[in-house]
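In the working numbering, the protein residues as written are 1051 to 1451. We treat Cβ as the ideally placed atom computed from N, Cα and C, and that holds for glycine.
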Ligand code: CTP
Ligand code: MG
């Protein structure tokens, strides 16, 4: 199994609010600034920050629109996109985003989609501060106006503005700290930093940015419109989207050596009495080759991206788990599987008697997609010929759903 680096950073982009104060007749994230929505502009900048899993949280029914925006912004990192449904408060929406983070994520940034023009450098600053050992980090801008304390019609005092900062997002946290604070939260907080501070953690400030202002009112949207005229989003000419009508193929191979514990698992079947293969999971080279072929066809990376050895939840898992999850990944990215063909090279086990059974098992794990299994020996040549292990080669065909 190849191991691609899985990001240590996750960015939860919350866009599940209704945008009442903007009053544009649509949830705020889906209101256009220019030809592109507020969410699309936010994500454009999120994907120019260091590589991270990006969890986009949107109102129920808007998941498809959000996915299109996110996949376009992600360009060749479509594998980093996750879309989930939000809740009735911002805090619930953030919690829904946290629940979708991958196992490897250690640093979490929470960002308001409404801060659509936040430059990538702010993300970099926040990540660097968490990496340097801070539990929580907030970008702040100095307050420029003189601040008065007002009661009714009366000015009753002046607040020393040098002691004040206006909090922005993305706010960054150690994942364990943020998750524990969310579990413990017994009330609604105005932002994530307040929630984490209430749980007893120190929160650091880093410089914010004037462009990280939140689009709240129609005047804010006008300001954003004026600013993006200067810097529109460049059109995306994705190599994956050159013609949606053309099916795409992917190839995958895998090799495992004999020498594992227990019984052999191959092509989704248990083979009592046969020598087991070694590997992080059950060593099912046939299933792993199919996973790689499917991910390659959809342009979603490879098996290491999604199921590497740093995903302990897949240790010991069998083909059905890998294949069902892969099918889910493709479905979320808008792909449907046409068929899969896989060939095994091995002296043992002998497939002839169980080929139909293997095809049925693999097909069932892929929701009924046709899977053809063929097997061959290699005339005594190579590691398969010497009986040291098993090789598998798969091809998959996918089409736009
Ligand atoms: N948000 C969210 N889920 C909610 C409420 C808010 O994900 N239930 C998000 C918004 O989409 C926004 C961010 O939190 O990106 C900041 O909230 P705000 O600016 O208040 O946005 P809205 O709640 O959409 O606007 P309004 O309060 O005017 O309705
Ligand atoms: Mg709101």
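Please tell me whether residue i and residue j are closer than 8 Å, where the distance is taken between their beta carbons.
i	j	result
residue 1423	residue 1405	yes
residue 1136	residue 1064	yes
residue 1539	residue 1349	In the structure as shown, the chain begins at 1051 and stops at 1451. Residue 1539 is therefore absent and cannot be evaluated.
residue 1209	residue 1231	no
residue 1411	residue 1440	no
residue 1072	residue 1265	yes
residue 1416	residue 1390	yes
residue 1341	residue 1316	no
residue 1155	residue 1057	yes
residue 1309	residue 1328	yes
residue 1062	residue 1148	yes
residue 1134	residue 1124	no
residue 1304	residue 1442	yes
residue 1235	residue 1103	no
residue 1084	residue 1275	yes
residue 1347	residue 1299	yes
residue 1095	residue 1170	yes
residue 1180	residue 1157	yes
residue 1080	residue 1089	yes
residue 1259	residue 1172	yes
residue 1339	residue 1302	yes
residue 1392	residue 1444	yes
residue 1153	residue 1363	yes
residue 1283	residue 1222	no
With distances taken Cα to Cα, identify the nearest neighbour of residue i among the options.
i	options	result
residue 1016	1107, 1095, 1103, 1062	Examination of residue 1016 is not possible in this model, given that the chain is present from 1051 through 1451 alone.
residue 1211	1191, 1132, 1225	1191
residue 1101	1197, 1112, 1272, 1060	1060
residue 1240	1181, 1314, 1144	1144
residue 1385	1104, 1139, 1165, 1128	1128
residue 1224	1242, 1117, 1237	1242
residue 1091	1261, 1445, 1435, 1148	1261
residue 1186	1380, 1251, 1446	1251
residue 1401	1319, 1244, 1125	1319
residue 1226	1366, 1197, 1183, 1365	1183
residue 1446	1281, 1234, 1173, 1413	1413
residue 1312	1301, 1302, 1300, 1325	1325
residue 1220	1270, 1175, 1366, 1381	1175
residue 1394	1387, 1357, 1375, 1435	1435
residue 1344	1362, 1381, 1428	1381
residue 1132	1409, 1371, 1408, 1356	1356
residue 1238	1139, 1153, 1301, 1450	1139
residue 1451	1066, 1388, 1407, 1431	1388
residue 1067	1112, 1195, 1420	1112
residue 1419	1409, 1281, 1363	1409
residue 1244	1233, 1284, 1283, 1188	1188
residue 1281	1375, 1295, 1168, 1369	1168
residue 1271	1082, 1076, 1070	1082
residue 1110	1146, 1373, 1195	1146
residue 1373	1277, 1130, 1421	1421
residue 1403	1437, 1200, 1321, 1193	1321
residue 1383	1074, 1228, 1116	1116
Based on the DSSP secondary-structure assignment, which residues constitute the bridge partners of residue i?
i	result
residue 1257	1190
residue 1087	1082
residue 1283	In the DSSP output, where bridge partners are listed per residue, residue 1283 has none listed.
residue 1407	Answer is none; residue 1407 lacks a bridge partner.
residue 1447	1299, 1389
residue 1506	The first residue shown for the chain is 1051 and the last is 1451, placing residue 1506 beyond what the model contains.
residue 1426	1395
residue 1061	1104, 1159
residue 1308	1327
residue 1421	1390
residue 1439	1307
For chain C, check one thing: does any of its Cβ atoms lie closer than 8 Å to the Cβ of residue i?
i	result
residue 1296	No chain C is part of this structure, which consists of one protein chain only.
Continuous alpha helix (DSSP H) assignments of at least 4 residues falling wholly in the stretch 1183-1251: Within the stretch 1183-1251, the complete alpha helix (DSSP H) runs of at least 4 residues are 1225-1234, 1242-1248.
The stretch 1215-1222 touching the stretch 1241-1259, judged by at least three CB pairs closer than 8 Å: In short, these stretches touch, since the Cβ pair count reaches three.
Any 3 or more C-beta pairs closer than 8 Å across the stretch 1263-1278 and the stretch 1162-1170: Short answer: they touch.
Note down, one range per segment and in chain order, each beta strand (DSSP E) of at least 3 residues found wholly within the stretch 1092-1165. Entirely contained in the stretch 1092-1165, the beta strand (DSSP E) runs reaching 3 residues are, in chain order, 1103-1108, 1131-1135, 1157-1162.
Return the chain-ordered ranges of every beta strand (DSSP E) run that is complete within the stretch 1326-1365 and spans a minimum of 3 residues. For the stretch 1326-1365, not one full-length beta strand (DSSP E) segment reaches 3 residues or more.
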